[in-house]
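Step one of this worksheet: look at the structure below.
In the working numbering, the protein residues as written are 579 to 1028.
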């Protein structure tokens, strides 16, 4: 019988704008982009220069810290821009797509008949190795390592998160083939973690070669970091790999068709979307045509991902590499006079500061207003209420702030990622940028250990 893990701590944020479970296929976009900033611990080296022509699957850039790990174009076309930020940091490599996509050929393969080395080689050459990440540090996995286990989160509990059963519908063969590929990469278990609150898709329940674990609880129960912490915690020296269902399906297509088919299903969500739906599209596309004439008036925040961990983009920005969701909410550039003194029937609160607690089933239109400024960092016990990891979150954050490597190790830095602290940042009275502090700590550990 499968294990069921009950998570008590956490918080579900009731936002308006959940996507209706209808999947549409929009017209192809003109522009697509790959963004090195989607990947942690990157030292980007361009392969395709501005003006070059590429095919779907052609490498656009690689990581100088892991030269074998390349990052492929989702479409064929012409590289029309390399957008840079501060200190000429590469932010985006933009491709103007052809009307008809041409694909790099990587050859088909039956995972069961291949050696581990052959599987790794195909994933590296196609660029799909970039789908596989590791804990600790949440960086691209090292193909020379062998993890003690591989984790797959089959559900998402983030605000307005897409239903993974919708994302994988009709993809049972490709998902199983992707699992067969992963089984070549480890002698340990492949943990497929599912939501115990409702019957999951047969794509997941009928998957072979995996250990099914079931979880029940509020966000961040769907985070792979929480699942690893409860099922097989990471100790010093351990390596665990993880990936997600649609990435596994893409890997399965590679071995079935011999090409990089970047198709995925994405949820368009948020209170400012007029018709929140699911869309079948290609990774990295511009969101311009999806949101044009489909958003409310006013100053808006466009997010690739969810409201807690996603990245801010423009209305003509590009879908992030790992994102299954686009969210649009109101911007919060305003000052509210004595807002703290009002009854707040329309305001969501994690405490009973406002009378909105009298309406427990209400959903809210929440904007990005910080509602105060950064202030002295005090111990309030708020973090512990929403952090289900078996760690001391405040103490870990303070250890990072003072740069105490040994103390960071003792307090569990190897098990965490920014997303595991997103709720801590949301409830923080001191308005401390917790997620950026955690990433700073992880980067410090990488530098110390390499």
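Note that beta-carbon positions come from the ideal geometry of N, C-alpha and C, so glycine has one too.
In this text, all values refer to a predicted model and were calculated from it rather than measured experimentally.
| Asked | Found |
| --- | --- |
| Contact belief for residue 734 with residue 742 at Cβ below 8 Å, rounded distance in angstroms | 6 Å |
| Residue 851 and residue 595 closer than 8 Å at C-beta | yes |
| Burial state of residue 825 (16 or more Cβ within 10 Å) | buried |
| Secondary structure of residue 823, DSSP reduced to three states | helix |
| DSSP state of residue 798 mapped onto helix, strand, coil | coil |
| Exposed unless 16 or more other CB atoms sit within 10 angstroms - verdict on residue 671 | buried |
| Length at least 4, wholly inside the stretch 803-847: the alpha helix (DSSP H) runs in chain order | 823-835 |
| Cut-off 6 Å between Cβ atoms - residues of its own chain near residue 725, not counting five sequence neighbours on either side | 764, 817, 818 and 819 |
| Alpha helix (DSSP H) segment containing residue 623, residue limits | Careful: residue 623 lies outside any alpha helix (DSSP H), inside the beta strand (DSSP E) at 622-624. |
| Residues bridged to residue 675 [DSSP beta-bridge criterion] | 655 |
| Residue 787 and residue 806 closer than 8 Å at C-beta | no |
| Residue 657 burial status per 10 Å Cβ neighbour count (16 or more: buried) | buried |
| Cβ separation of residue 942 and residue 926, assumed to be a contact under 8 Å, to the nearest whole Å | 4 Å |
| Residues sharing a beta bridge with residue 882, DSSP | 889 and 904 |
| Terminal residues of the alpha helix (DSSP H) in which residue 957 lies | Note, residue 957: premise wrong, no alpha helix (DSSP H); not H, not E. |
| Inter-residue Cα distance where the pair is residue 900 and residue 676 | 23 Å |
| Residue environment, residue 980, which counts as buried when at least 16 other CB atoms sit within 10 Å | exposed |
| Residue environment, residue 993, which counts as buried when at least 16 other CB atoms sit within 10 Å | buried |
| Own chain, CB closer than 7 Å to residue 928, minus 5 neighbours either side, in chain order | 589 and 1005 |
| Option nearest residue 746 by Cα separation, candidates 966, 691, 842 and 888 | 842 |
| Stretch-stretch touch, CB-based, cutoff 8 Å, three pairs: the stretch 635-645 with the stretch 903-923 | no |
| N-terminal and C-terminal residue of the alpha helix (DSSP H) that residue 1016 is part of | 1012-1027 |
| Closest by C-alpha distance to residue 781, when choosing among 617, 750, 974 and 1026 | 750 |
| Nearest-angstrom Cβ-Cβ length linking residue 649 and residue 623, presumed shorter than 8 Å | No, residue 649 and residue 623 are not in contact; Cβ-Cβ is about 10 Å, not under 8 Å. |
| 8 Å contact criterion, which residue 757 and residue 739 should meet: CB distance rounded | Wrong, their Cβ atoms sit about 22 Å apart, outside the cutoff. |
| Cβ pair count under 8 Å reaching 3, the stretch 826-838 against the stretch 610-623 | no |
| Pairwise C-alpha distance: residue 711 and residue 969 | 22 Å |
| Residue 878 vs residue 844 beta-carbon contact at 8 Å | no |
| At least three beta-carbon pairs within less than 8 Å, the stretch 686-699 to the stretch 662-669 | no |
| Endpoints, the alpha helix (DSSP H) within which residue 750 is located | 750-761 |
| DSSP beta-bridge partners of residue 713 | 818 |
| Inter-residue spacing [alpha-carbon to alpha-carbon] between residue 586 and residue 999 | 16 Å |
| Three CB pairs or more closer than 8 Å across the stretch 596-610 and the stretch 855-870 | yes |
| Collapsed DSSP secondary structure at residue 943 in the structure displayed | coil |
| Span separating the alpha-carbon of residue 839 from that of residue 1027 | 36 Å |
| Spatial neighbours of residue 728 in its chain, beta-carbon cut-off 6 Å, leaving aside the 5 residues before and after | 760, 764, 768 and 819 |
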